[in-house]
Amino acid sequence: MRARTRMRSSASPAGSWFGPGGIGVHARHLRIDGVHAATVTLTGYPAEVLPGWLEAIYTYPARIDVAIHAEPVAPLAAASRLRKQRARLEAGRRGDADKGRLEDPVIEAAAADAQDLAHRVARASAKLFRAAIHLTAYADSPEELDQVLAEIKGLLAAQLATLTPATFRQLEGWTATLPVGIDPLGPARTLATEALAACLPIASPDLTRLDHGDDGDAVGGVLWGLNTA
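Numbering (this note's numbering), first residue to last: 1 to 229.
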């Protein structure tokens with residue numbers, strides 16, 4: 001497959017500060033100024049999470065950009081969605097009971113969670129958000145990039161989370177992880193306030209310590225946010 005290359009011209013060396021000189025677009029990765037990059041999306045979430053459950057990704061010893069896009073859902077729309085979800089779950093429970101099947105613990109737990117969340121949304125003690133989490137990993141070679149992605153997937157698989165590569169949409173995925181506040185990739189997942197807060201890289205009152213490499217540059221995570229509301 002032929003890679004598509006997008007070149008960016010600059011009238012002065014200062015132009016390199018505002019974007020890469022060229023981007024090679026492949027099906028499963030990008031080549032940005034000689035560096036290989038690949039974007040994956042968090043598509044499967046665990047049933048229960050604790051604050052800081054993504055800390056292993058934020059502190060992973062490689063260059064990884066993690067973007068969390070969140071958009072609040074209007075209270076009326078949130079109540080309508082929860083009502084439909086509860087009706088769907090209740091219909092499934094009654095159907096199983098009519099057929100003499102044993103209760104599905106997963107459906108029972110989901111129905112109880114939906115009922116509790118609906119009550120909290122009605123009391124304005126919780127909100128719903130449309131959220132999407134994307135990760136872009138960088139490496140000097142395709143082999144190193146594959147190794148980084150495999151280790152990241154293993155870390156999240158231990159948390160019962162699933163990553164999906166942005167196949168044929170790597171350019172959109174890379175754009176979604178830039179600090180510009182746009183998400184052309186999607187898809188978004190509906191999360192409650194507590195679940196969304198547990199994904200943020202703020203699990204303690206102390207900031208993550210930044211180490212310094214041999215060249216004196218800081219090495220570590222940087223929190224960057226943009227409010228588009």
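Cβ coordinates follow ideal geometry from the N, Cα and C atoms, glycine included.
Just so we're clear, the structure is a prediction, and the values are computed from it rather than from any experiment.
Buried versus exposed, by CB contacts within 10 Å (16 or more), G181: exposed
Ordered list of beta strand (DSSP E) runs contained in the segment 23-91, each at least 3 residues: If only complete runs of 3 or more residues are kept, the segment 23-91 shows the beta strand (DSSP E) at 30-32, 35-44 and 64-72, in order along the chain.
Within 10 Å of its beta-carbon, does H36 have 16 or more other beta-carbons around it, so buried, or fewer, so exposed? buried
Simplified DSSP state of T177, which is helix, strand or coil: coil
Contact the segment 179-198 vs the segment 120-137: 3+ CB pairs below 8 Å: Under the Cβ criterion (8 Å, minimum of three pairs), the segment 179-198 counts as touching the segment 120-137.
Can you tell me whether P165 is helix, strand or coil according to DSSP? strand
Between which two residues does the beta strand (DSSP E) carrying R130 extend? L128 to A139
Three Cβ pairs or more, each shorter than 8 Å: is that satisfied between the segment 131-140 and the segment 47-66? yes
One question on the structure: do Q85 and A114 come within less than 8 Å of each other, judged by their Cβ atoms? yes
Assigned exposure category for H29 - 16 Cβ within 10 Å defines buried: buried
I190 bridges to which residues according to DSSP? It is Thr, not Ile, that sits at residue 190 in the sequence shown. Checking the DSSP bridge columns, you'll see T190 partnered with R130.
Hey, would you say I57 sits closer than 8 Å to I152, going by beta carbons? yes
From P72 to A188, what does the alpha carbon distance come to, in whole angstroms? 12 Å
Counting only the same chain and skipping the five closest in sequence on each side, list residues whose C-beta sits under 8 Å from that of A79. A118, V121 and A122
Spatial neighbours of V66 within its chain, please: C-beta separation below 6 Å, excluding the five flanking residues on both sides. L135
Is it the case that the segment 35-51 contacts the segment 168-185, given that we only count it when at least three CB pairs across the two stretches are under 8 Å? The count of Cβ pairs closer than 8 Å, one atom from the segment 168-185 and one from the segment 35-51, reaches three, so the stretches are in contact.
Enclosing alpha helix (DSSP H) for I107 [first to last residue]: P105 to A122
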